[in-house]
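With UniProt numbering applied, the sequence shown corresponds to residues 1 to 75, in that order. Below: the structure, in structure tokens.
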Amino acid sequence: MSDETDARTRSEERAERAERMAKEGAQAMAEHLASVKAVDERTVRLRALRLAKEAADAQAAAAAAAAAPPKRKRS
Numbered sequence: 001m002s003d004e005t006d007a008r009t010r011s012e013e014r015a016e017r018a019e020r021m022a023k024e025g026a027q028a029m030a031e032h033l034a035s036v037k038a039v040d041e042r043t044v045r046l047r048a049l050r051l052a053k054e055a056a057d058a059q060a061a062a063a064a065a066a067a068a069p070p071k072r073k074r075s
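Here you go:
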């Protein structure tokens with residue numbers, strides 16, 4: 001009877017361990033996916049800021065070029 005009890009106890013311990021590991025794995029995956037999502041959101045935001053700055057710089061350069069008097073060529 002003791003062998004049956006020991007086997008049942010070991011089996012229950014294995015099942016509990018497997019369940020605990022599955023829960024921990026799911027939690028770790030959720031944390032990883034949240035981290036990846038945060039990085040992607042920051043990347044999108046920073047890309048939008050960079051593109052807006054590049055467009056503003058290009059517009060400022062074009063305005064400065066249009067406002068500058070034409071250069072004379074020396075003969």
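Even for Gly, the Cβ is constructed at its ideal location relative to N, Cα and C.
Length of the line joining the Cα atoms of residue i and residue j
i     : j     : result
Arg20 : Gln27 : 11 Å
Val44 : Leu51 : 11 Å
Arg47 : Ala38 : 14 Å
Lys53 : Ala30 : 35 Å
Ala18 : Ala7  : 16 Å
Ala60 : Glu24 : 54 Å
Thr9  : His32 : 34 Å
Lys71 : Ala65 : 11 Å
Cβ shell of residue i (< 8 Å), same chain only, five flanking positions each side left out
i     : result
Ala34 : none
Same chain, Cβ closer than 6 Å to residue i, neighbours up to 5 away in sequence not counted
i          : result
residue 79 : Summary: the structure shown does not reach residue 79, with the chain confined to residues 1 through 75, and so no result is reported for it.
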